[in-house]
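Trainee: Quick mapping for you: the protein sequence lines, in order, are chains L and C. Going by the numbering used here, the first residue of the first sequence is number 67, and it counts up by one from there. Going by the numbering used here, the first residue of the second sequence is number 112, and it counts up by one from there. Pasting a structure below so you can have a look.
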Amino acid sequence: ETGVTQSPTHLIKTRGQQVTLRCSSQSGHNTVSWYQQALGQGPQFIFQYYREEENGRGNFPPRFSGLQFPNYSSELNVNALELDDSALYLCASSLGGLQGAVSGNTIYFGEGSWLTVV
Amino acid sequence: AQTVTQSQPEMSVQEAETVTLSCTYDTSENNYYLFWYKQPPSRQMILVIRQEAYKQQNATENRFSVNFQKAAKSFSLKISDSQLGDTAMYFCAFVALHRGNQFYFGTGTSLTVIP
Chain L
67 ETGVTQSPTH LIKTRGQQVT LRCSSQSGHN TVSWYQQALG QGPQFIFQYY
117 REEENGRGNF PPRFSGLQFP NYSSELNVNA LELDDSALYL CASSLGGLQG
167 AVSGNTIYFG EGSWLTVV
Chain C
112 AQTVTQSQPE MSVQEAETVT LSCTYDTSEN NYYLFWYKQP PSRQMILVIR
162 QEAYKQQNAT ENRFSVNFQK AAKSFSLKIS DSQLGDTAMY FCAFVALHRG
212 NQFYFGTGTS LTVIP
């Protein structure tokens, strides 16, 4: 049990639609990052939020966007869904801020949201 | 840009034996952290071991140890006394200093422990 909850766990969308995925982490976790994990691949970094602002972005188009709320929960939004967006989406949170890895703060991963685009 | 390479897509080991998983990485950063994560079928990422790049001493956690060669940019994981519960996907990952949770992962090695 990591205290990081992602919802929904599974969903199916049609190409061209929009989707919102949610991540709820432990109290005080001010840093959250999102990853896309295609079948048989390693997770790919999408972006990171620190204190409600985007701080770092991977090689993903602007139709991937996000939000972090004052309670540090987070959303990942994907517009104009494409078939290749089918993947497991993981979020990871910690309370260490950008010093997370330095300070040794534990980074918690959720169990992910499975998105299938048809 | 950072890249992480795992050249062994699949490996197997007999229960109680030792196995080594390979990882190489490329970066222009001087200060960073390396991790090995385990991902069982539940898809939950579980931290196995963590290494600070500025430390020359290799990290160990019970049956798990690493061989960190900074000059060669190599970071292998050794699992001793393999157990059935070690069966999972293993990912090598890199995080630069002051980058929070911005991980770069390899493509993974699927490890099967054979009874």
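The beta-carbon is built from N, C-alpha and C at its ideal position, and this holds for glycine as well.
Residues of chain L with a CB under 9 Å from the CB of methionine 122/C: which are they?
Mentor: Residues of chain L passing the Cβ test: none, with the nearest at roughly 15 Å.
Trainee: Count the other CB atoms within 10 Å of the CB of aspartate 151/L; is the residue buried (16 or more) or exposed (fewer)?
Mentor: Buried, by the Cβ-count rule.
Trainee: Closer than 7 Å, Cβ to Cβ, to anything on chain L: give me those residues from the region 148 to 165 of chain C, in chain order.
Mentor: The region 148 to 165 of chain C vs chain L, Cβ under 7 Å: Ser153, Arg154, Gln155, Met156.
Trainee: Taking any Cβ of chain C, which residues in the region 125 to 139 of chain L have a Cβ under 7 Å from it, in chain order?
Mentor: Residues: none.
Trainee: By the 7 Å beta-carbon criterion, what residues does the region 192 to 211 of chain C contribute toward chain L?
Mentor: Cβ contacts with chain L come from Phe202, Val206, Leu208, His209, Arg210, Gly211.
Trainee: Can you check which of these residues, Gly211/C, Asn142/C, Ser221/C, Phe205/C, is closest to isoleucine 160/C by C-alpha distance?
Mentor: Nearest of Gly211/C, Asn142/C, Ser221/C, Phe205/C to isoleucine 160/C, Cα basis: Phe205/C.
Trainee: Name the residue from Ser93/L, Val70/L, Ser90/L, Val184/L whose alpha carbon lies nearest to the alpha carbon of alanine 153/L.
Mentor: Looking at the Cα atoms, Val184/L is the closest of the given residues.
Trainee: Using a Cβ-Cβ cut-off of 8 Å, state whether glycine 108/L counts as contacting chain C.
Mentor: Closer than 8 Å to some Cβ of chain C, the Cβ of glycine 108/L qualifies, so yes.
Trainee: Glutamine 114/L and serine 90/L - do their beta-carbons sit closer together than 8 Å?
Mentor: No, they are not a contact pair.
Trainee: From the beta carbon of glycine 94/L, is the nearest beta carbon of chain C less than 8 Å away?
Mentor: No, its Cβ sits nowhere closer than 8 Å to a Cβ of chain C.
Trainee: At 7 Å on the CB atoms, spell out the chain C contacts of glutamine 61/L, in chain order.
Mentor: Because chain L is modelled from 67 through 184, residue 61/L falls outside the range shown and cannot be assessed.
Trainee: Among the candidates Tyr143/C, Asp137/C, Phe186/C, whose CA atom is the shortest distance from the CA of tyrosine 201/C?
Mentor: Ranking Tyr143/C, Asp137/C, Phe186/C by Cα distance to tyrosine 201/C puts Phe186/C first.
Trainee: For chain L, check one thing: does any of its Cβ atoms lie closer than 8 Å to the Cβ of phenylalanine 175/C?
Mentor: Not an interface residue.
Trainee: Mind checking asparagine 143/L: buried by the 16 CB within 10 Å criterion, or exposed?
Mentor: Burial call: exposed.
Trainee: Hey, could you find the ends of the beta strand (DSSP E) isoleucine 173/L is sitting in?
Mentor: It is not in any beta strand (DSSP E) - isoleucine 173/L carries neither H nor E in the DSSP assignment.
Trainee: From arginine 81/L to valine 124/C, what distance separates their C-alpha atoms?
Mentor: So the two alpha carbons sit approximately 42 Å from each other.
Trainee: When you compare only the Cα positions, how much space is there between threonine 131/C and glutamine 84/L?
Mentor: In a straight line, the C-alpha of threonine 131/C is about 43 Å away from that of glutamine 84/L.
Trainee: Evaluate arginine 210/C with the Cβ neighbour count: other Cβ atoms within 10 Å of its Cβ, from every protein chain shown; 16 or more gives buried, anything less gives exposed.
Mentor: Buried, by the Cβ-count rule.
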